Amino acid sequence: SMQSQEINAIIGIATNQVNRVDPKSIELSQRIRFARWNMVAASQFSKSFNFGASAHYCRKGIGLLHDSLWCNETFELCRVLYEGAASALLFLGDISDAQRHANV
Numbered sequence: 308s309m310q311s312q313e314i315n316a317i318i319g320i321a322t323n324q325v326n327r328v329d330p331k332s333i334e335l336s337q338r339i340r341f342a343r344w345n346m347v348a349a350s351q352f353s354k355s356f357n358f359g360a361s362a363h364y365c366r367k368g369i370g371l372l373h374d375s376l377w378c379n380e381t382f383e384l385c386r387v388l389y390e391g392a393a394s395a396l397l398f399l400g401d402i403s404d405a406q407r408h409a410n411v
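Counting from 308, one number per residue, gives the positions in the sequence shown under this note's numbering.
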C-alpha cells in the first residue's frame with residue numbers, strides 16, 4: 308500500500324542519515340538504537356524482496372555494534388541481524404558470505 312511505501316521510505320532515509328556517522332563517535336545506547344533502526348529497515352526491505360538492501364542494513368546494524376556484539380544487551384539484536392544478513396545473502400546467491408554470517 309502507499310502508506311507502507313511511505314513509511315519504508317522514511318525509515319530508509321532516517322537510517323541512511325545515522326549510518327553516515329562514524330560509529331566510534333556514538334555512545335553505545337545510541338548505537339543499539341540505530342542498530343535496531345537498521346534491523347527494522349532490513350526487515351521492511353526483505354518483505355518487499357529487496358534482499359540487497361536488506362543485507363546492507365543488516366551489515367550496517369552489525370557494524371554499529373562492532374565493540375559490543377553478543378553481549379547480554381545486544382544478543383537478540385545480533386542474532387536477528389546476522390540471521391537477516393545470512394538469509395538475504397542466500398537469496399542473492401552469495402553463498403560464502405551467507406555462510407560467514409550464519410556461522411557466527
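All residues carry an ideal CB built from backbone N, CA and C; glycine is no exception. Just so we're clear, the structure is a prediction, and the values are computed from it rather than from any experiment.
Next item on the list: Let me know the secondary structure DSSP gives Val387 once reduced to three states.
Entry: Sequence index remark: in the sequence shown, residue 387 carries index 80 (1-based). DSSP places Val387 in helix when its eight states are reduced to three.
Notebook entry, point to check: When you compare each of Cys378, Trp377 and Ala349 to Ser394 by their alpha carbons, which one comes out closest?
Noted result: Along the sequence shown, read from residue 1 onward, the residue named residue 394 stands at position 87. With distances taken between CA atoms, Ser394 lies nearest to Ala349 out of Cys378, Trp377 and Ala349.
Check: Are at least three pairs of beta-carbons, each pair with one atom in the stretch 357-366 and one in the stretch 377-384, less than 8 Å apart?
Finding: Contact between the stretch 357-366 and the stretch 377-384 is absent, with fewer than three C-beta pairs closer than 8 Å.
Check: By how many angstroms is the C-alpha of Val411 removed from the C-alpha of Ala316?
Finding: Counting from 1 along the sequence shown, the entry for residue 316 is found at position 9. Counting from 1 along the sequence shown, the entry for residue 411 is found at position 104. C-alpha separation (whole angstroms): 31 Å.
Notebook entry, point to check: Per the contact definition of three or more C-beta pairs closer than 8 Å, is the stretch 368-377 in contact with the stretch 396-405?
Noted result: Flag = no, the stretch 396-405 and the stretch 368-377 do not touch.
Notebook entry, point to check: Span of the alpha helix (DSSP H) holding Thr322?
Noted result: The residue labelled residue 322 in the question sits at position 15 within the sequence shown. Met309 to Asn326 is the span of the alpha helix (DSSP H), which, as asked, contains Thr322.
Item checked: Ile402: first and last residue of the uninterrupted alpha helix (DSSP H) it sits in -> For this step, residue 402 is matched to residue 95 along the sequence shown. Here the alpha helix (DSSP H) through Ile402 covers Ile402 to Ala409.
Notebook entry, point to check: Considering only C-alpha positions, which residue in the set Phe341, Phe358 and Glu334 is nearest to Lys367?
Noted result: In the sequence shown, the residue the question calls residue 367 occupies position 60. Residue Phe341 holds the alpha-carbon nearest to the alpha-carbon of Lys367 among Phe341, Phe358 and Glu334.
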